[in-house]
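K.L.:
Yeah, the sequence shown ends on 263 if you go by the working numbering, and it's all consecutive.
We put the beta carbon where it would ideally sit given N, CA and C, even for glycine.
In this text the structure is predicted, and so the values were computed from the model without any measurement.
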Amino acid sequence: MNRLATLAAIMLLACSVSFAQGESTVRRTSGSTALLFTLNGLSNLGGGNFMGGFGINHFLSNDVALRAGLGFGMNSETSGTGTSEQKNSTTTINLAPGIRFNLANNNNVAMYVGGQVMFGTSSTSTTVGGTDAGSTSSTNIGVGAFAGAEWFPWNNVSLGLEYGLGFSTSSSSAKNAQGVESDGPTTTSINLGISNVQFLLALYFN
Numbered sequence: 058m059n060r061l062a063t064l065a066a067i068m069l070l071a072c073s074v075s076f077a078q079g080e081s082t083v084r085r086t087s088g089s090t091a092l093l094f095t096l097n098g099l100s101n102l103g104g105g106n107f108m109g110g111f112g113i114n115h116f117l118s119n120d121v122a123l124r125a126g127l128g129f130g131m132n133s134e135t136s137g138t139g140t141s142e143q144k145n146s147t148t149t150i151n152l153a154p155g156i157r158f159n160l161a162n163n164n165n166v167a168m169y170v171g172g173q174v175m176f177g178t179s180s181t182s183t184t185v186g187g188t189d190a191g192s193t194s195s196t197n198i199g200v201g202a203f204a205g206a207e208w209f210p211w212n213n214v215s216l217g218l219e220y221g222l223g224f225s226t227s228s229s230s231a232k233n234a235q236g237v238e239s240d241g242p243t244t245t246s247i248n249l250g251i252s253n254v255q256f257l258l259a260l261y262f263n
């Protein structure tokens, strides 16, 4: 929460002083392209889960951009030893294409809104003592909207603060050690709240 307040204060300060600067650093014209990275707080540059942690933003025309987020994750957990050793291996893939519309800008801050669709898959396999003990898989589909502000300290670098909300549905299935499959529950969720605020770093390369 303190990190969120700090970044918000920085961006408000940028808005207040930007009119005093002569040359605009905002990238909003047709052909401008950036790599996007979500930030886990101001002191951690690791990729987060929003938009998969990595993405690209390309302006098709002035103030209108297509963007897409991509995420890929692998995780392995092991407990026990010998014949009782249990290992869970999880693979996750996320894709989130969307469109962005700039609403207003001054010399170094752009305000925008947009929408996106989200697709995700996750699979977990379990072994016990080196023997297959079953697996689970899930598929997630959703739609969302976002609004944010992008501050350009330099022409090719920006820091952003973005709030998103979304609706998603998820289905799952499981397979036991004998290979028998069964369907899991289908769930729906609406994502709101402060946890949906994201920090973004954008690197423009043309």
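#1: Which two residues bound the contiguous beta strand (DSSP E) that contains Gly88?
#2: What separation, rounded to the nearest whole angstrom, lies between the Cα atoms of Asn151 and Thr90?
#3: For Thr188, which residues in the same chain have their Cβ closer than 8 Å to its Cβ, ignoring the five residues on either side in sequence?
#4: Using three-state DSSP, classify Thr140 as helix, strand or coil.
#5: Give the straight-line distance between the Cα atoms of Gly112 and Tyr261, rounded to the nearest whole angstrom.
#6: How about the segment 205-213 and the segment 172-180: do they share at least three Cβ pairs that are nearer than 8 Å?
#7: Taking only three categories from DSSP, how would you classify Gly128?
#8: Give the C-beta separation of Asn114 and Arg157 to the nearest angstrom, bearing in mind that I take them to be a contact with Cβ-Cβ under 8 Å.
#9: I need the straight-line Cα distance from Glu142 to Ser246, nearest angstrom please.
#10: Using only the alpha-carbon positions, how far apart do Asn132 and Ser146 sit?
#11: Within a Cβ cutoff of 8 Å, which residues of the same chain sit near Asn263, ignoring the five residues on either side of it in sequence?
#12: Quick check: the Cα distance between Phe224 and Pro154, rounded to an integer number of angstroms?
#13: Decide if the segment 195-205 is in contact with the segment 214-223; the criterion is three or more beta carbon pairs, one per stretch, under 8 Å apart.
#14: Suppose the cutoff is 6 Å on Cβ atoms and the five residues either side in sequence are ignored; what does the same chain contact list for Thr244 look like?
#15: Does DSSP classify Gly221 as helix, strand or coil?
#16: Which of the three DSSP states is assigned to Gly177 in this structure?
#17: Specify the secondary structure class of Asn197 as computed by DSSP and reduced to three states.
#18: Find the nearest neighbour of Thr193 within the set Thr149, Thr135, Ala125, judged by alpha-carbon distance.
#19: Per DSSP, what kind of secondary structure is Gly172 in: helix, strand or coil?
#20: Can you check which of these residues, Thr82, Leu93, Val83, is closest to Gln255 by C-alpha distance?
P.N.:
Result, derived from the coordinates:
#1: Gly88 -> no beta strand (DSSP E), and no H or E assigned at all.
#2: If you take the alpha carbons of Asn151 and Thr90, they lie about 21 Å apart.
#3: Counting only Cβ-Cβ distances below 8 Å, and skipping sequence neighbours, we find Ala234.
#4: Looking at Thr140 - three-state DSSP - the assignment turns out to be helix.
#5: Looking at the two C-alpha atoms, the distance is approximately 12 Å.
#6: Too few Cβ pairs lie closer than 8 Å, so no.
#7: Looking at Gly128 - three-state DSSP - the assignment turns out to be strand.
#8: That pair is a contact at about 7 Å.
#9: Note on geometry: alpha-carbon atoms of Glu142 and Ser246 lie some 35 Å from one another.
#10: Looking at the two C-alpha atoms, the distance is approximately 6 Å.
#11: Hits under 8 Å: Gly88, Ser89, Thr90.
#12: The alpha-carbon atoms of Phe224 and Pro154 are separated by roughly 15 Å.
#13: These segments touch.
#14: Contacts found: Ser227.
#15: Assigned with DSSP and collapsed to three states, Gly221 falls in strand.
#16: Residue state, collapsed to three classes: strand.
#17: Asn197 falls in the strand class under three-state DSSP.
#18: Taking Thr193 as reference, the option from Thr149, Thr135, Ala125 with the minimal CA-CA separation is Thr149.
#19: Gly172: strand per DSSP, three-state reduction.
#20: Measuring from the Cα of Gln255, the nearest candidate turns out to be Leu93.
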